[in-house]
Amino acid sequence: MKLTLKFIIPILVVVALVVFLVPESSVPAKKMIILGVDGLDPRLLQKFTDEGNLPNFKQLIAEGDFKPLQTTMPPLSPVAWSTFITGMDPGGHAIFDFFHRDPKTITPEFSMARTLPSSWNISIGSWVLPLKGGTIEQLRLGRAFWEILEEHNVPTTVFRMPVNFPPSSGGKSLSGMGTPDILGTPGMFSFYTDNPPYSADNISGGHVYEVEVQNDAVDAQLIGPENTFRRVPKESPSGKVSGERDGTKKYGHPKLTIDFQVFLDPEEPVAKFVVQDDEFILKEGEWSDWVRVDFEALPYLVSISAVGRFYLQEVRPDFRLYVTPLQINPEDPVMPISTPDDWAGELYDELGYFYTQELPEDTKAFSGGIFDGLEFWEQAQFVFREQRKALDHLLKNYKEGFLFFYFSSVDQGCHMLWRYMDPEHPGFVPEEKLSNSIEVLYRQMDEALGRILEFVDGETTLIVMSDHGFSPFYWGVNLNSWLVGKGYARLKNPLHREGYPLFMNVDWTGTKAYALGLNGLYVNLRGREKNGIVSQGAEYEKLLDQLETDLLAMEDPRNGQRSIAYVVQTRRDFRGNNVDMGPDIIVGYNWGYRTSWESPLGEFPREIFVDNIDPWSGTHLIDYRLVPGVLITNRKITLANPALYDLTVAILDEYGVSKLPEMIGQDCLQ
Amino acid sequence: MQIRRRKSKSGLKAWGTFPRVGVRGGGRSQTPTTPSDSHPTFERVVTTLMKLVNWFLTSLFGLLFWPFQGLDPVWALVFVSFLCGLLMVWVFGKVSNQEAIRRVKNKIRGNLLGVRLYQHDVRIVLRLQGRILRDTLTYMNYSIIPMLVLIVPLLLIIVQLNLHFSLRPLEPGESAVLKARLIQTGVLQENISLENLSGVKVETPGVRIDSEGEVAWRIRARQPGRHLLTVKVGEQTVEKELYVGDGWGAVSALRSNSLLDLLLYPGEAPIDASEKVKSITVQYRPLPISIWGWNVHWMVLFFVLSILVAFIFKGAFGVEL
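Chains A and B, in that order, give the protein sequences.
Numbering follows my numbering, with no gaps: position 362 of the first sequence is 1626.
Numbering follows my numbering, with no gaps: position 70 of the second sequence is 317.
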């Protein structure tokens, strides 16, 4: 016994020493922090810095370097961030726009992710029991650089990287742009009122529900996703169920709902809300905290959890209540929004509930007239404060390796607030409180940078970068209408221009090209498109060249300006194996121009050029050379014109990892 | 969107002339503590008795949990589950017919063995199964009395545990809804206010819901401590305790005039029946109880642990369960 103890005790001591004293990795991974600010523009940054408003940017630039960062064509966030993530151009990663099109139906499809329902179900009466789960597929192709870093034992933390839903494997990551709300949309707000606006049916990105105030109370419902565990017969518009006699009944899924009540004080502008087990009181003009709701899909077994915030806009004379898009609850996510799966829950434990949808600033509510400028500003600032709080949390826990943090506020703010600072804008609004709001957003980024600088030591590489810059959106171009005017497209009834979306009025037998998406133009190609008429080969090539020439010659008769500055033929100009998945031509508009609101979804209004008076008054959907992003670092930039794909290689190189063969950039940092 | 309508009530006629529901600071007024003369004698006796029991048990459990105040509440719950397990097995041993239970359990064991031995003979097996069923019922019969005896202390213990482990105090800076319900609807006719606001900020005017006889305020906790808020209805005042802190403890969500509520919510004395206020509620948040990262309802943990302890220590107490 004594002999045994003699051996066991030293062994135990050694094991304990190994477990407790020796760190997992004896050499901590090199530190690299990237602050990704969507839409940070080099001109505005330089202007505000020169005016002395951005001391931390000034310091970083003085100690390191600052250059415009070449963005992608088109300079769209999903495209540009995908290039940054993969080191490839759109021909490689296959993200060409927010929307792509199905050539068989010529209908737009979301480009970043796709949900596939369960294909193996058992139906018992009105109940449907899935035997296999549905899947959510990320459509960005190519490997994310942090996956490669993780393979080389570099710990990575990636917060809200765009085009990363569901998140790529490896490290800690929370998905960003591309993450849906609980309905599966990019964000669908709800608005309850007893006096709906005239435009209620035309508001995109939200639903307006008419409610009645009776006895100082309102009964309403939160509308959730479809309940895939239930089925109901589909009804025709007349209310009849088809196929009942011959057994060919078609079924759909009913929406999940949650009743809620609002009790209004008879005199004061204040109300009490009862939502499931939660009760809260709001004064007019107040926002609630996050409210958790659980949609019961299978009683006692399956529920879908979501969170939302309520904004009591007005009590009387009109009752007006806005509810944010219902977010995937990070505490109990119904879809994969983080890696590892429980990281979203850990963030919830530290931060509480937070916006999980892709771009939380509710631009749709502003464009739809539900918010005014100040209300949008307030909501967007709430989003910023949440993200800012998350930055503090991540910095506090950052020890080694790679950290990426994303802010959306500058991009969304520039889109919606440009017209407040630009008197030349057709939709200029003189509003003193918002006239310098974009500058405030830049100052907030400067403050966040100052916080990061507190964590940067001599061994840490710090990069501030953006995906693109910004330009004003003065005039819209109805590209599809231009195609009709030039004879590239033909309408069934040229007199019916309004109210026919998704190419409903197009005579495909006489249409050679059509525009879909924000910058894309497609040839109606035989064998690819549903009703293609252009032959592959010489006719196709000739048409592309002709289109390019005509597009570059397009002139706005009102001021004589060229409205298109640059054209990309994807098969000629992009590299990679997936060029066939994109449009045939990508249009780069000139400064001040952008595609109109109607053209991207297949409409053909009469006018080709229209003034833009929508609150969405800033853009970057133009010639990529006019809206570069920003690259600021505490190192020296070695390339004269660094591009997003060069930065990808630089990150890998920082950790001694070779770039992949399909990556098209080169290291741009000293 | 399905819209459900509510019928209009005559209260709307008085639009704009309602007495205001205000928020005032100022001195505290004392809640009457003696039941009114109109109260039936029996109910008064029961109320007084229950107040005494509640006072004793709340003090006892407060003392019991005092050493655990700085720790995670799960430790206090484990401790009390352990004590209750021991208490249950001891009481069961004292009030049950142990000899009869032992005898009937032996019979069941014997018959179970018989089922295995004679499994080739269906008739015998069926007969034995019948006996097992009969003996099981007999066993349950022997258990009824100890169970009935146990139910009373268990109920009181559970009510106390609920007071301590179901809700957490408001954290400083956190908001909650405080609701006062009147005995009769017609809150619009009353002058109702919330007073004594040290440590708490009232952020909204009272929302008067006449159909529910309710007035609700949003309050925000400012300073830790047990604060007494006063709901004033006309000249009458009723107090409600508000617990602000970042730990755990006896959190009384409801103060009411109902006997049943007095049993289920023992944290505060009942509201006198002569008051116009029927109940006052504070919407506290649930107290999270977690074991190794898993959130568990306190009652599940309590029952699992106490039953486990009872089975482990039944031999030590010489008790047959």
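Note that beta-carbon positions come from the ideal geometry of N, C-alpha and C, so glycine has one too.
* Output, in chain order, the set of chain A residues within a Cβ distance shorter than 7 angstroms of threonine 451 of chain B. => On the second sequence, position 204 is the one that residue 451 of chain B refers to. Neighbours of threonine 451 of chain B on chain A, chain order: Val1534, Ile1545, Lys1547.
* Rounded to a whole number of angstroms, what is the C-alpha to C-alpha distance between threonine 1627 of chain A and glycine 1633 of chain A? -> Numbered from 1 along the first sequence, position 363 holds the residue referred to as residue 1627 of chain A. Numbered from 1 along the first sequence, position 369 holds the residue referred to as residue 1633 of chain A. Approximately 10 angstroms between the Cα atoms of the pair.
* If you draw a straight line from the C-alpha of glycine 1749 of chain A to the C-alpha of histidine 1689 of chain A, how long is it? -> Translated into positions along the first sequence, residue 1749 of chain A becomes position 485. Translated into positions along the first sequence, residue 1689 of chain A becomes position 425. Whole-angstrom Cα-Cα distance: 27 angstroms.
* Give the secondary structure of tryptophan 585 of chain B by DSSP, where H, G and I count as helix, E and B as strand, and everything else as coil. => No answer is possible for residue 585 of chain B: it lies beyond the span of chain B, which begins at 248 and ends at 568.
* Asked: What is the DSSP secondary structure of aspartate 284 of chain B, reduced to helix, strand or coil?
  -> Residue 284 of chain B sits at position 37 when you count from the first residue of the second sequence. In this predicted model, aspartate 284 of chain B has a pLDDT of only 49, less than 50, meaning its place in the structure is not dependable; the value taken from the coordinates is given anyway. Three-state DSSP puts aspartate 284 of chain B in coil, outside helix and strand.
* To do: Check the DSSP bridge columns for arginine 1556 of chain A and list the partner residues they point to.
  => Indexing the first sequence from 1 puts residue 1556 of chain A at position 292. Paired residues: A/Val1571.
* **Segments of 4+ residues assigned as alpha helix (DSSP H) that fall wholly inside the segment 1288 to 1372 of chain A** => 1306 to 1314, 1319 to 1327, 1341 to 1350, 1354 to 1357
* To do: Spatial neighbours of asparagine 1385 of chain A within its chain, please: CB distance less than 6 angstroms, with the 5 preceding and 5 following residues excluded, ordered by chain position.
  => The residue given as residue 1385 of chain A occupies position 121 in the first sequence. The answer, listed in chain order, is Val1392, Pro1394.
* To do: May I have the straight-line CA-CA distance separating valine 1472 of chain A from alanine 1464 of chain A, to the nearest angstrom?
  => Taking the first sequence and counting its residues from 1, one reaches residue 1472 of chain A at position 208. Taking the first sequence and counting its residues from 1, one reaches residue 1464 of chain A at position 200. Between valine 1472 of chain A and alanine 1464 of chain A, the C-alpha separation is close to 6 angstroms.
* Asked: Just checking my contact of glycine 1866 of chain A with leucine 1766 of chain A at CB under 8 angstroms: how many whole Å lie between their CB atoms?
  -> Along the first sequence, one-based indexing puts residue 1866 of chain A at 602. Along the first sequence, one-based indexing puts residue 1766 of chain A at 502. With a Cβ gap of about 5 angstroms, glycine 1866 of chain A and leucine 1766 of chain A count as contacting.
* My guess is that valine 1587 of chain A and valine 1526 of chain A are in contact by the Cβ rule of under 8 angstroms, so how many angstroms apart are they, rounded? -> The count along the first sequence starts at 1 and reaches residue 1587 of chain A at position 323. The count along the first sequence starts at 1 and reaches residue 1526 of chain A at position 262. So it is not a contact: roughly 11 angstroms between Cβ atoms.
* **Cα-Cα separation, aspartate 284 of chain B to glutamate 290 of chain B** => Here residue 284 of chain B corresponds to residue number 37 of the second sequence, with the count starting at 1. Here residue 290 of chain B corresponds to residue number 43 of the second sequence, with the count starting at 1. Only weak support is given to the placement of aspartate 284 of chain B: the predicted model assigns it a pLDDT of 49, under 50, and the question is left unresolved by the model.
* Alpha carbon of arginine 349 of chain B to alpha carbon of isoleucine 379 of chain B, nearest angstrom -> Here residue 349 of chain B refers to the residue found at position 102 when the second sequence is read from its first residue. Here residue 379 of chain B refers to the residue found at position 132 when the second sequence is read from its first residue. Their Cα atoms are separated by approximately 14 angstroms.
* Skipping 5 residues on each side, what residues in its chain have a beta carbon closer than 7 angstroms to that of valine 396 of chain B? -> The residue given as residue 396 of chain B occupies position 149 in the second sequence. So the list reads Val338, Val342, once near-sequence residues are dropped.
* Asked: Should tyrosine 1778 of chain A go down as buried or exposed, given a rule of 16 or more other Cβ atoms within 10 Å for buried?
  -> What you label residue 1778 of chain A is simply residue 514 of the first sequence in a count that begins at 1. Tyrosine 1778 of chain A should be labelled buried.
* Does DSSP classify tryptophan 495 of chain B as helix, strand or coil? -> Start at 1 with the first residue of the second sequence, and residue 495 of chain B comes out as number 248. Reduced to three states, the DSSP call for tryptophan 495 of chain B is coil.
* Got a sec, what are the start and stop residues for the alpha helix (DSSP H) tyrosine 1612 of chain A sits in? -> In the first sequence, the residue the question calls residue 1612 of chain A occupies position 348. Looking at the DSSP string, the run of the alpha helix (DSSP H) that includes tyrosine 1612 of chain A is 1607 to 1615.
* For glutamine 530 of chain B, does the three-state DSSP call read helix, strand or coil? -> Here residue 530 of chain B corresponds to residue number 283 of the second sequence, with the count starting at 1. Three-state DSSP puts glutamine 530 of chain B in coil, outside helix and strand.
* Report yes or no: do three or more beta-carbon pairs, one from the segment 435 to 446 of chain B and one from the segment 549 to 568 of chain B, lie closer than 8 angstroms? => no
* To do: Residues of the segment 434 to 463 of chain B with a CB closer than 7 angstroms to any CB of chain A: list them in chain order, please.
  => Leu435, Thr451, Pro452, Val454, Arg455, Ile456, Ser458, Ala463
* Whole-Å CB distance - phenylalanine 1360 of chain A paired with proline 1847 of chain A, under 8 angstroms assumed -> Position 96 of the first sequence holds residue 1360 of chain A. Position 583 of the first sequence holds residue 1847 of chain A. Correct: roughly 6 angstroms between the Cβ atoms.
* Asked: Name the chain A residues whose beta carbon is nearer than 7 angstroms to that of glutamine 641 of chain B?
  -> Beyond the ends of chain B as shown, which are 248 and 568, falls residue 641 of chain B; an answer cannot be given.
* Which runs of the beta strand (DSSP E), 3 residues or longer, sit entirely within the segment 479 to 525 of chain B? -> 483 to 491, 501 to 503
* Please confirm if the segment 420 to 427 of chain B is in contact with the segment 455 to 473 of chain B, defined as three or more CB-CB distances below 8 angstroms between the two stretches. => yes
* Could you list which residues in chain B have their beta carbon closer than 8 angstroms to that of aspartate 1329 of chain A, in chain order? => Residue mapping note: residue 1329 of chain A aligns to position 65 of the first sequence, counting from 1. Chain B residues near aspartate 1329 of chain A: none, gap ~43 angstroms exceeds 8 angstroms.
* Within chain C, the residues that arginine 415 of chain B reaches when beta carbons sit closer than 8 angstroms -> Among the protein chains of the structure shown, namely A and B, there is no chain C.
* Asked: Between which two residues does the beta strand (DSSP E) carrying asparagine 1876 of chain A extend?
  -> Numbered from 1 along the first sequence, position 612 holds the residue referred to as residue 1876 of chain A. First-last for asparagine 1876 of chain A: undefined, no H or E at that position.
* Below 6 angstroms CB to CB, which residues in the same chain sit around lysine 479 of chain B once its five sequence neighbours on both sides are set aside? => Start at 1 with the first residue of the second sequence, and residue 479 of chain B comes out as number 232. Closer than 6 angstroms at the Cβ level, and outside the excluded window around lysine 479 of chain B, lie Ser440, Glu442.
* 7 angstroms CB neighbourhood of leucine 1816 of chain A in its chain, flanking five on each side removed -> As a position in the first sequence, residue 1816 of chain A is number 552, starting the count at 1. Taken in chain order, the residues that qualify are Ile1828, Val1831.
* Asked: Between which two residues does the alpha helix (DSSP H) carrying serine 1631 of chain A extend?
  -> Sequence index remark: in the first sequence, residue 1631 of chain A carries index 367 (1-based). That run of the alpha helix (DSSP H) goes 1627 to 1631.
* To do: Using a cut-off of 8 angstroms between C-beta atoms, extract the partners of arginine 374 of chain B located in chain A.
  => Working through the second sequence from its first residue, we reach residue 374 of chain B at position 127. Result: empty, since nearest Cβ-Cβ is about 41 angstroms, beyond 8 angstroms.
* Asked: Would glutamine 1643 of chain A be called buried (16 or more neighbouring beta carbons within 10 Å of its own) or exposed?
  -> Within the first sequence, residue 1643 of chain A is the residue found at index 379, counting from 1. Its Cβ being crowded by 16 or more others within 10 Å, glutamine 1643 of chain A is buried.
* Residue range of the unbroken alpha helix (DSSP H) whose run includes arginine 1707 of chain A -> Position 443 of the first sequence, counted from the start, is the residue given in the question as residue 1707 of chain A. Run containing arginine 1707 of chain A: 1701 to 1717, per the alpha helix (DSSP H) assignment.
* Asked: Looking at the structure shown, is serine 445 of chain B part of a helix, part of a strand, or coil, going by DSSP?
  -> To locate residue 445 of chain B, count along the second sequence from 1; it is residue 198. Here serine 445 of chain B sits in coil by DSSP.
* To do: Assign proline 314 of chain B to one of two classes, buried (16 or more other C-beta atoms within 10 Å of its C-beta) or exposed (fewer than that).
  => On the second sequence, position 67 is the one that residue 314 of chain B refers to. Exposed is the call here.
* Asked: Using CA coordinates, which residue listed in A/Met1927, A/Gln1934, A/Gly1516 is at the minimum distance from methionine 1352 of chain A?
  -> Reading the first sequence from its first residue, position 88 is the one you call residue 1352 of chain A. With distances taken between Cα atoms, methionine 1352 of chain A lies closest to A/Met1927.
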